[in-house]
Amino acid sequence: MGAVTLSNVSKSFGAVKVIRDVSIEIAEGEFCVLIGPSGSGKSTLLRIIAGLEEATQGNVFIAENDVTDLPAKERDIAMVFQSYALYPQMSVRENMNFALRLARRPKAEIEAKVQEVAVMLGLEELLDRLPKELSGGQRQRVAMGRAIVRNPSVFLFDEPLSNLDAKLRSQVRGEIRDLHQRWKTTSIYVTHDQVEAMTMGEKIVVLRDGRVEQVGSPLELYDFPESLFVAGFIGSPAINMIEARVGDQGRALSLAGTAHELPLPEGYDLQSGQEVVIGIRPEYIDVADAPDVGTLPATVHAVESTGSDTTVICHSDMGQILVASKARSALRDGDQVALRVREDKALIFDCATERRILPRV
Amino acid sequence: MKKSPTLKTLQVIVYGLILLIFVGPFWSVLVTAFSGTSLKPGQLTLIPQSFTLENFRIAFFDMKVWRYLLNSLIVVGFGTIAQVLVSALAAYALARKKFRGAAVVTLLILTTLMLPEEVIAIPLYLVTLKPLPIINEPIYNHYAAMILPVVGWAFSIFMLTEFMRAVPKELEEAARIDGANDWQVFGHVILPLIRPALGTVIIFGFIMIWDQYLLPLIVVQDHSLMTLPVALASLRVDPTITPNIIVAATLIAMAPSVIIYLLLQKHFNRGLMAGAVKG
Chain A
1 MGAVTLSNVS KSFGAVKVIR DVSIEIAEGE FCVLIGPSGS GKSTLLRIIA GLEEATQGNV
61 FIAENDVTDL PAKERDIAMV FQSYALYPQM SVRENMNFAL RLARRPKAEI EAKVQEVAVM
121 LGLEELLDRL PKELSGGQRQ RVAMGRAIVR NPSVFLFDEP LSNLDAKLRS QVRGEIRDLH
181 QRWKTTSIYV THDQVEAMTM GEKIVVLRDG RVEQVGSPLE LYDFPESLFV AGFIGSPAIN
241 MIEARVGDQG RALSLAGTAH ELPLPEGYDL QSGQEVVIGI RPEYIDVADA PDVGTLPATV
301 HAVESTGSDT TVICHSDMGQ ILVASKARSA LRDGDQVALR VREDKALIFD CATERRILPR
361 V
Chain B
1 MKKSPTLKTL QVIVYGLILL IFVGPFWSVL VTAFSGTSLK PGQLTLIPQS FTLENFRIAF
61 FDMKVWRYLL NSLIVVGFGT IAQVLVSALA AYALARKKFR GAAVVTLLIL TTLMLPEEVI
121 AIPLYLVTLK PLPIINEPIY NHYAAMILPV VGWAFSIFML TEFMRAVPKE LEEAARIDGA
181 NDWQVFGHVI LPLIRPALGT VIIFGFIMIW DQYLLPLIVV QDHSLMTLPV ALASLRVDPT
241 ITPNIIVAAT LIAMAPSVII YLLLQKHFNR GLMAGAVKG
């Protein structure tokens, strides 16, 4: 078992800086998710931890040992690759016991270990098959088995579910979570899928352009994003962002491009005339029965229903506004509606810095 | 659409002619080698007459073809093994390792493909006369003089390099994380995955070394070290030996190439196709 610490890690490929001064602490036994859009450097960061890439600057610590200059095989880590990277010429058994064979462990121990993990992952029947004879989900499981057999200090996952279909993905997600509950091994999981991040991570690190944008628990990131980027990246359907200007001597927000105003939530000290962006999650906007003071007019553009959730996509003077609810909607495309915003749930961001403006405590 | 009978006849005639052109020489070699009727120098026959294996017996034992065959097998055996080993290691370095001057090394290897054998024949001869480093002995008139020059072959290096590049890098990374060092990655992961290419390279290397004529001719003087192609050429100018025996000896010389091809044919075909269509 081991905590993982990155201290001022930077990485450049030639003149291109892909990781910029990243410092993260992952506690022993924690499940940490690295998330970010393509090119944010999340996979590179994982590869630096694995020892597959060298950091240009900074240090990597695993279990309090500086492993920055150690090769991958001496870091006591196991990794599950996006493509699974199973050795095609080896059977499932050989794939799983490869590391133990290299370590020259006793045959009986190897066999017992493989058998134990195979039973745990439901792979006993497949041990003599080749990877090409397995389905995607089975291959994924073998890749995990190969990692578990080694009983490493740290598990690294590089988008391990992205090649699976939606149903299988959700199932394997649960399995990985259960395995972590059982083993409590420090795990670092890279994904661009925020559902995976939210449902699996105890700690989420949001990366953007090689920098850490925010670190927090899933709900912290959802409820209190520190920047517009995090607010927009976390949450589906996406947060509504409405540009506004502080008016009425700092008591109201005039919505850009309209004559409408929203009362400024309590606790904020804002300058009159200051340009801000209001972030409001779709579930904090309701469709009012009738236009009223404080409601915003909009036109229904589309209604998306998954059965359990309904998202109404509206067009208004402020741009597109999403309204989410658990209830089914009778609205149809083209309907005129009045939207009521729960301004106490609004997040306010500075337009220039894109950082969240915090209310007085 | 149905073909007209005239077109069909024409087709059969054309195919027949092509077949005759290709199969004709083989046929005449076979018939001559097994024919009991002695022919004059420069003659071959197409019509089978009395069947005999006597020509093979004379070629093999009386003309000492067995000795030349053995020499050829020693050269081709050690040569092919060393060639494949060196090519695979060189290819691994070129395909997977980043090192300063990799482009220059590639270019130098490529250059060796552009030089005709005749151009390097004399310098090579001179090199074999000089004591080599480490062993401090010249290798002239020794098996090593026929083996060492063919060990590094650009064709097989490039062929294996391309195949190794196609092996997903993640497999190598997975092996490194599993605790493998360079040799283990090479032996456990890369080599088993390029088996088709290895088969192809073995066949090509075998045939290339087997067919060597100029090199063994100039670096070996001792008759007892001569390889089959060189020996066959010297038999041919002997007026006492009938074409039947020479042709029988030639058939013996062809046999190993055919056998190795048949043995590795599966690999060979896969290797050729994989080289043609990447993916």
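Each protein sequence line maps, in turn, to chains A and B. Residues 1 to 361, numbered by the UniProt record's numbering, are exactly what the first sequence covers, in order. Residues 1 to 279, numbered by the UniProt record's numbering, are exactly what the second sequence covers, in order. All C-beta atoms, glycine included, are put in the ideal place defined by N, C-alpha and C. The structure presented is a predicted model; accordingly, all values stated were derived computationally and were not measured.
- Against chain A, the CB of B/Ile177 has a partner CB under 9 Å away; the residue lies at that interface.
- The stretch 339 to 357 of chain A makes contact with the stretch 224 to 231 of chain A: 3 or more CB pairs, one atom from each, lie closer than 8 Å.
- From the listed residues B/Arg236, B/Leu251, B/Pro116, B/Ser87, the smallest Cα separation to B/Phe204 is found for B/Ser87.
- With a 10 Å radius around the Cβ and a threshold of 16 neighbouring Cβ atoms, A/Ser153 comes out buried.
- Annotation for A/Val22: Leu6, Val9, Val212 place their beta carbon closer than 6 Å to its own, counting only its chain and skipping 5 residues before and after.
- Between A/Ala15 and chain B, the shortest Cβ-Cβ separation is not below 9 Å.
- Relative to B/Ile47, the option among B/Val29, B/Val119, B/Thr111, B/Pro41 whose CA is nearest is B/Val29.
- A residue is called buried once 16 or more other Cβ atoms fall within 10 Å of its Cβ, and B/Leu115, having fewer, is exposed.
- Bounds of the alpha helix (DSSP H) holding B/Ser234 are 228 to 236.
- Residue state for B/Arg195 is assigned as helix, using DSSP reduced to three classes.
- Where A/Met96 is concerned, the enclosing alpha helix (DSSP H) starts and stops at 92 to 102.
- For A/Thr311, the enclosing beta strand (DSSP E) begins and ends at 310 to 316.
- Apart from the 5 residues on each side of it in sequence, A/Glu304 sits with its Cβ closer than 6 Å to the Cβ of Thr311 in its chain, given in chain order.
- Around the beta carbon of B/Tyr15, a 10 Å sphere encloses fewer than 16 other beta carbons of the protein chains shown; the residue is thus reported as exposed.
- Short of 6 Å from the beta carbon of B/Phe34, and not among the five residues preceding or following it, lie these beta carbons of its own chain, in chain order: Phe51.
- The DSSP-derived three-state label of A/Met79 is strand.
- Sequence-ordered contacts of the stretch 193 to 208 of chain B with chain A read Leu193 [C-beta pairs closer than 7 Å].
- Using a CB distance cut-off of 9 Å, A/Lys73 counts as an interface residue toward chain B.
- Looking at the backbone, the Cα of B/Phe206 and that of B/Val76 are separated by about 6 Å.
- At least one C-beta of chain A is nearer than 9 Å to the C-beta of B/Leu171.
- The residue from A/Asn163, A/Phe349, A/Leu296 with its alpha-carbon nearest to that of A/Gln336 is A/Leu296.
- Contact annotation: A/Tyr189 and A/Phe157 have beta-carbon atoms nearer than 9 Å.
- DSSP lists no beta-bridge partner residue for B/Gly187.
- Nearest CB-CB separation between B/Val189 and chain A: below the 9 Å threshold.
- Contact between B/Val220 and B/Leu193 is absent: CB atoms are separated by about 39 Å, not below the 8 Å threshold.
- Pairing A/Ala99 with A/Val149 gives a Cβ-Cβ distance under 9 Å.
- DSSP lists A/Ser7 as the beta-bridge partner residues of A/Asn59.
- For A/Tyr87, the nearest beta carbon of chain B is closer than 9 Å to its own beta carbon.
- Partner residues in the beta bridge of A/Glu243, as assigned by DSSP, are A/Val277.
- Taking every protein chain shown into account, the CB of A/Leu161 has 16 or more other CB atoms within 10 angstroms, so this residue is buried.
- The shortest C-alpha to C-alpha distance from B/Met159 to any of B/Val201, B/Asp211, B/Ile147, B/Ser4 is the one to B/Val201.
- Per DSSP, reduced to three states, the secondary structure at B/Ser4 is coil, with no helix or strand assignment.
- Neighbours of A/Met96 in chain B, taken as residues whose beta carbon is under 7 Å from its own, are absent, since the nearest beta carbon is some 10 Å off.
- At least 9 Å separates the CB of B/Ala166 from every CB of chain A.
- Taking a C-beta distance under 9 Å as the contact criterion, A/Val33 and A/Ile49 do not qualify as a contact pair.
- When CB distances to chain B are screened at a threshold of 9 Å, not a single residue of the stretch 105 to 126 of chain A falls below it.
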